[in-house]
Ligand code: V0D
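Quick look at the structure:
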């Protein structure tokens, strides 16, 4: 396989492929802020929805790669609690994407043994969106491959507010005392309970911020930022992020904090 291609590959590229062939250190959980769909479209003179559609199709490609690398959980920030402030027609379009994605790709995801989950305020989504997503959750609940965890109507601060309310209610009802409150209790009441914490966070499209995504859960996570817009984030970009992750972990050696 190598001999046909090698004269055309530069050294750095070859090294990268070798490192990945011997990929020993793969993150269990990768979280991605899929930014830049609108900008990707603008740059091409296309309407924003065309960027969202291409971003949607890219999810399927990245899921397949992640599954192949042995990643166990892929958490994708698809819709934040802030996104309701966008123009109504854009929100309406976005809310059709889960059904469109699942109508197109659910059979393949089932074939690939993917399990679909969500985090976020699910109840406040439109009924048609909830129905399509709930069907996919039910249909894949016994799958044992990659967990595709989609953040839908997710906001980290409101998640923490709900957690504080839930713990306070248990204190008030004398189910627990203030002294019982600890980090594990908080983690167990977040949307991400029973999932490992993300090992690697990727944000596409150049912004260097968290935008209210997984604030508690990212405390020890490695970050990877790229200028590439989400619809253009491909196998090469993904490998680059995973390689950087592996190199950082190797450098820590046994000195993991
Ligand atoms: C738009 C780029 C797939 C980010 C990707 C409602 C913004 C495309 C889903 C999806 C969105 C959701 C649930 C599910 C399966 C797929 C999706 C939204 C936006 C928000 F079970 N793409 N996608 N959901 N975009």
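In the numbering used here, the protein residues as written are 8 to 264. Don't be surprised by glycine CBs; every beta carbon is placed ideally from N, CA and C.
Regarding residue 102 and the ligand V0D, is the C-beta to nearest heavy atom distance less than 8 Å? Numbered from 1 along the chain shown, position 95 holds the residue referred to as residue 102. Yes, Cβ of residue 102 sits closer than 8 Å to a heavy atom of the ligand V0D.
In this structure, what does DSSP give as the bridge partners for residue 84? Working through the chain shown from its first residue, we reach residue 84 at position 77. DSSP, once it has assigned bridges, lists 40 and 158 as partnering residue 84.
Do the region 169 to 177 and the region 91 to 100 touch if we need at least three Cβ pairs shorter than 8 Å? With contact defined as three or more Cβ pairs closer than 8 Å, the region 169 to 177 and the region 91 to 100 are not in contact.
Alpha carbon to alpha carbon, what distance is there between residue 127 and residue 39? Sequence index remark: in the chain shown, residue 39 carries index 32 (1-based). Sequence index remark: in the chain shown, residue 127 carries index 120 (1-based). Residue 39 and residue 127: Cα-Cα distance of roughly 15 Å.
Going along the chain, which residues of its own chain have a beta-carbon closer than 6 Å to the beta-carbon of residue 222, five neighbours each way excluded? Walking along the chain shown from the start, residue 222 turns up at place 215. Excluding its 5 nearest sequence neighbours in each direction, residue 222 has C-beta neighbours in its own chain below 6 Å: 163, listed in chain order.
Three or more C-beta pairs under 8 Å: does that hold for the region 116 to 136 against the region 40 to 54? Contact between the region 116 to 136 and the region 40 to 54 is not established, with fewer than three Cβ pairs separated by less than 8 Å.
Run the proximity test for residue 66: is its beta-carbon closer than 8 Å to any non-hydrogen atom belonging to the ligand V0D? Stepping through the chain shown from its first residue, residue 66 is reached at position 59. Taking the Cβ of residue 66 as the reference point, at least one heavy atom of the ligand V0D falls within a distance shorter than 8 Å.
Endpoints, beta strand (DSSP E) assigned at residue 229: As a first step, residue 229 is located in the chain shown; it is residue number 222 there, counting from the start. Note, residue 229: beta strand (DSSP E), 229 to 232.
Return helix, strand or coil for residue 68, following the three-state DSSP convention. By one-based count along the chain shown, residue 68 stands at place 61. Helix, per DSSP.
CB-CB length for residue 248 against residue 237, believed under 8 Å: Locating residue 248 in the chain shown gives position 241, where the first residue counts as 1. Locating residue 237 in the chain shown gives position 230, where the first residue counts as 1. Wrong, their Cβ atoms sit about 13 Å apart, outside the cutoff.
Within the same chain, show all residues whose beta-carbon is closer than 8 Å to that of residue 35, passing over the 5 residues directly before and after it, in chain order. As a first step, residue 35 must be located in the chain shown, where it is residue number 28. 78, 79, 80, 203 and 206, listed in sequence order.
Take residue 160 as the anchor and find which of 244, 32, 70 and 83 has the nearest alpha-carbon. Translated into positions along the chain shown, residue 160 becomes position 153. The shortest C-alpha separation from residue 160 is found at 83.
Measuring alpha carbon to alpha carbon, tell me which of 210, 217 and 60 ends up nearest residue 235. Within the chain shown, numbered from 1, the residue matching residue 235 stands at position 228. In terms of CA proximity to residue 235, 210 leads the group 210, 217 and 60.
Closer than 8 Å: residue 135 CB and nearest the ligand V0D heavy atom: Here residue 135 refers to the residue found at position 128 of the chain shown. Checking every heavy atom of the ligand V0D against the Cβ of residue 135, none is found closer than 8 Å.
Inter-residue CB distance, residue 153 and residue 73 (contact presumed, cutoff 8 Å): Residue numbering aside, residue 153 sits at position 146 when the chain shown is read from its first letter. Residue numbering aside, residue 73 sits at position 66 when the chain shown is read from its first letter. Residue 73 and residue 153 do touch by the CB rule: their CB atoms are close to 6 Å apart, below 8 Å.
Cα separation between residue 76 and residue 241? Taking the first residue of the chain shown as position 1, residue 76 is located at position 69. Taking the first residue of the chain shown as position 1, residue 241 is located at position 234. For residue 76 and residue 241, the distance between alpha carbons rounds to 14 Å.
Report whether the distance from the Cβ of residue 202 to the nearest heavy atom of the ligand V0D is below 8 Å. Stepping through the chain shown from its first residue, residue 202 is reached at position 195. Annotation for residue 202 indicates a beta carbon at 8 Å or more from all heavy atoms of the ligand V0D.
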